[in-house]
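Report on the following structure.
Number of protein chains: 2
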Amino acid sequence: MTDDGSAGTKARRSDATRAAILTAARERFAADGYERATIRAIAADANIDPSMVMRYYGNKEKLFAAAAEFDLRLPDLTGVPRDEIGTRLTGHLVDRWEHDDTLMALLRAAVTNQAAADRMRELFAAQLGPAVAALAADPAEAPVRAGLVATQALGFALSRYVLRLPPVVALDRAAVVAWLGPTVQRYLTGEQGE
Amino acid sequence: MTDDGSAGTKARRSDATRAAILTAARERFAADGYERATIRAIAADANIDPSMVMRYYGNKEKLFAAAAEFDLRLPDLTGVPRDEIGTRLTGHLVDRWEHDDTLMALLRAAVTNQAAADRMRELFAAQLGPAVAALAADPAEAPVRAGLVATQALGFALSRYVLRLPPVVALDRAAVVAWLGPTVQRYLTGEQGE
DNA sequence: GTCTATAATTCGATAGAC
DNA sequence: GTCTATCGAATTATAGAC
Numbered sequence: 001m002t003d004d005g006s007a008g009t010k011a012r013r014s015d016a017t018r019a020a021i022l023t024a025a026r027e028r029f030a031a032d033g034y035e036r037a038t039i040r041a042i043a044a045d046a047n048i049d050p051s052m053v054m055r056y057y058g059n060k061e062k063l064f065a066a067a068a069e070f071d072l073r074l075p076d077l078t079g080v081p082r083d084e085i086g087t088r089l090t091g092h093l094v095d096r097w098e099h100d101d102t103l104m105a106l107l108r109a110a111v112t113n114q115a116a117a118d119r120m121r122e123l124f125a126a127q128l129g130p131a132v133a134a135l136a137a138d139p140a141e142a143p144v145r146a147g148l149v150a151t152q153a154l155g156f157a158l159s160r161y162v163l164r165l166p167p168v169v170a171l172d173r174a175a176v177v178a179w180l181g182p183t184v185q186r187y188l189t190g191e192q193g194e
Numbered sequence: 195m196t197d198d199g200s201a202g203t204k205a206r207r208s209d210a211t212r213a214a215i216l217t218a219a220r221e222r223f224a225a226d227g228y229e230r231a232t233i234r235a236i237a238a239d240a241n242i243d244p245s246m247v248m249r250y251y252g253n254k255e256k257l258f259a260a261a262a263e264f265d266l267r268l269p270d271l272t273g274v275p276r277d278e279i280g281t282r283l284t285g286h287l288v289d290r291w292e293h294d295d296t297l298m299a300l301l302r303a304a305v306t307n308q309a310a311a312d313r314m315r316e317l318f319a320a321q322l323g324p325a326v327a328a329l330a331a332d333p334a335e336a337p338v339r340a341g342l343v344a345t346q347a348l349g350f351a352l353s354r355y356v357l358r359l360p361p362v363v364a365l366d367r368a369a370v371v372a373w374l375g376p377t378v379q380r381y382l383t384g385e386q387g388e
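Taken in order, these protein sequences are the chains called A and B.
Counting along the first sequence from 1, when you hit position 163 you're at 163 in our numbering, and nothing is skipped either side.
For our numbering, add 194 to where a residue sits in the second sequence, where the first one is 1.
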């Protein structure tokens with residue numbers, strides 16, 4: 001990041017090592033949580049020496065910060081038919097959970113690590129919040145609606161990927177969207193108590 | 195438990211100590227999760243020597259098992275008007291979260307500890323599952339419905355008490371019931387995609 | 001850039017005096 | 001029953017040789 005070297009196209013040898021460390025870190029943080037994911041184990045997964053992790057990322061906290069960088073990549077929903085945005089958003093979120101370890105790392109770590117919880121709050125405030133605000137009739141209630149969507153999205157991920165509640169694990173993608181989609185739809189566009 | 199002594203009404207001195215340990219353990223496990231809740235810290239909270247914790251409960255795992263014993267105390271919903279069971283169940287669950295550290299201890303620990311996750315699965319299978327089955331038109335789909343209720347209930351608790359997402363923390367009890375009640379109602383008695 | 005050696009802590013658990 | 005002392009293991013992090 002700080003030194004581009006002489007050739008712009010030539011990747012430094014260390015870049016591959018850095019990337020390998022990040023991948024291994026994401027997997028370990030996702031599988032074990034913050035405190036049980038050790039630098040030694042991450043280094044072993046990346047086939048390097050533990051001291052290299054320290055050299056590249058300074059300490060465990062900064063390594064986590066780098067590994068937990070995440071973009072929800074929310075699609076633009078303003079053009080979608082209003083009664084379909086719940087299912088569309090639900091489907092997108094399921095796909096993001098399913099194919100990227102980063103959200104799992106963030107979730108598992110956020111339960112026992114303050115910095116990770118801060119990051120998670122920031123993620124929803126900076127990414128989900130604005131997306132919901134763009135859809136809301138009344139911008140003032142956008143934060144609440146985004147928060148409600150978060151409860152269902154996070155609860156689904158917790159139940160399916162962390163706790164592995166059998167009936168929740170058994171649902172296929174279509175069933176998840178069919179069950180959770182209307183809930184998300186109501187949180188985005190509906191009213192209390194109906 | 196194993197020795198009643200000579201007088202049935204006289205509590206042994208050790209009973210108070212055991213209870214103090216359990217209370218402190220629940221608070222620490224709830225606040226810090228399984229690995230960060232140390233036996234030393236629990237003993238300090240209970241104003242006793244750390245070795246006493248080991249003497250009474252053997253090891254950390256058994257201490258957690260004792261501290262995480264929990265009863266959801268689900269009310270009988272069979273007499274409640276069918277369209278009100280969602281709000282009734284939601285209100286009850288919020289109250290259970292709010293006034294007992296045990297569920298928080300279980301949730302925080304379950305994210306990084308296998309035994310705690312097993313306990314959480316067992317809790318829902320043994321307590322929420324049957325209650326939902328008693329209400330379901332088709333008993334075969336009761337587990338799925340109970341699982342869906344779990345995703346929303348756990349996601350709410352995670353967002354409000356663990357991650358402390360500001361918009362979710364700001365909701366008062368009535369708003370929580372008004373927003374989440376209909377969701378739980380649909381999971382209990384409704385259909386997919388509507 | 002890479003690795004060895006090790007410092008400095010912290011934790012669960014045990015042994016044994018009183 | 002209670003406490004002191006400590007073991008053995010594991011962790012993050014650093015210093016320094018090559």
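Heads up, the beta-carbon is just placed ideally off N, CA and C, and yes, glycines get one too.
- Taken in chain order, the whole alpha helix (DSSP H) runs of length 4 or more contained in the segment 201-271 of chain B are 207-226, 233-239, 244-251, 254-261.
- If you check the CB distance, E61 (chain A) and A115 (chain A) come in under 8 Å.
- Taken through DSSP and simplified to helix, strand or coil, E385 (chain B) comes out as coil.
- When C-alpha distances from G349 (chain B) are compared across B:A328, B:E221, B:D265, B:V305, the shortest belongs to B:V305.
- Proximity of L348 (chain B) to chain A, defined by a Cβ-Cβ separation below 8 Å, is satisfied.
- Using a Cβ-Cβ cut-off of 8 Å, R121 (chain A) counts as an interface residue toward chain B, since at least one Cβ of chain B sits closer than that to its own.
- Here T284 (chain B) is not near G341 (chain B), since their CB atoms are 8 Å or more apart.
- Here D83 (chain A) carries a helix assignment [DSSP, helix/strand/coil].
- Here DSSP, grouped into helix, strand and coil, assigns H293 (chain B) to coil.
- Exposed is the label assigned to E316 (chain B), since fewer than 16 other Cβ atoms lie within 10 Å of its Cβ.
- The three-state reading of DSSP puts A331 (chain B) in coil, since its state is none of H, G, I, E or B.
- DSSP places R282 (chain B) in the helix class (H, G or I) of the three-state scheme.
- Counted as a single uninterrupted DSSP element, the alpha helix (DSSP H) harbouring A347 (chain B) occupies residues 336-351.
- Between the C-alpha atoms of P360 (chain B) and S208 (chain B) there is a straight-line separation of about 43 Å.
- When the beta-carbon positions are compared, T17 (chain A) and I48 (chain A) come within less than 8 Å of each other.
- A straight-line Cα-Cα distance of about 36 Å links M52 (chain A) and L300 (chain B).
- Listed along chain A are V111, T112, each with a C-beta nearer than 7 Å to that of G227 (chain B).
- The beta-carbon separation of F124 (chain A) and A67 (chain A), rounded to 19 Å, does not stay under the 8 Å limit for a contact.
- Per the coordinates, the alpha-carbon of E292 (chain B) lies some 39 Å from the alpha-carbon of R40 (chain A).
- Within chain A, no residue has its beta carbon less than 8 Å from that of P333 (chain B); the closest one is some 13 Å off.
- By the C-beta density criterion, T183 (chain A) is buried, having at least 16 other C-beta atoms within 10 angstroms.
- The three-state reading of DSSP puts T377 (chain B) in helix, counting H, G and I together.
- In the displayed model, D172 (chain A) falls within coil according to three-state DSSP, outside both helix and strand.
- Using a Cβ-Cβ cut-off of 8 Å, P143 (chain A) counts as an interface residue toward chain B, since at least one Cβ of chain B sits closer than that to its own.
- For L123 (chain A), the enclosing alpha helix (DSSP H) covers residues 114-123.
- Collapsing the DSSP output to three states places L163 (chain A) in coil.
- The beta-carbon distance between R290 (chain B) and R313 (chain B), rounded to whole angstroms, is 16 Å. This is too long to meet the 8 Å contact definition.
- Contact between P75 (chain A) and H92 (chain A) holds: CB atoms are separated by about 6 Å, below the 8 Å threshold.
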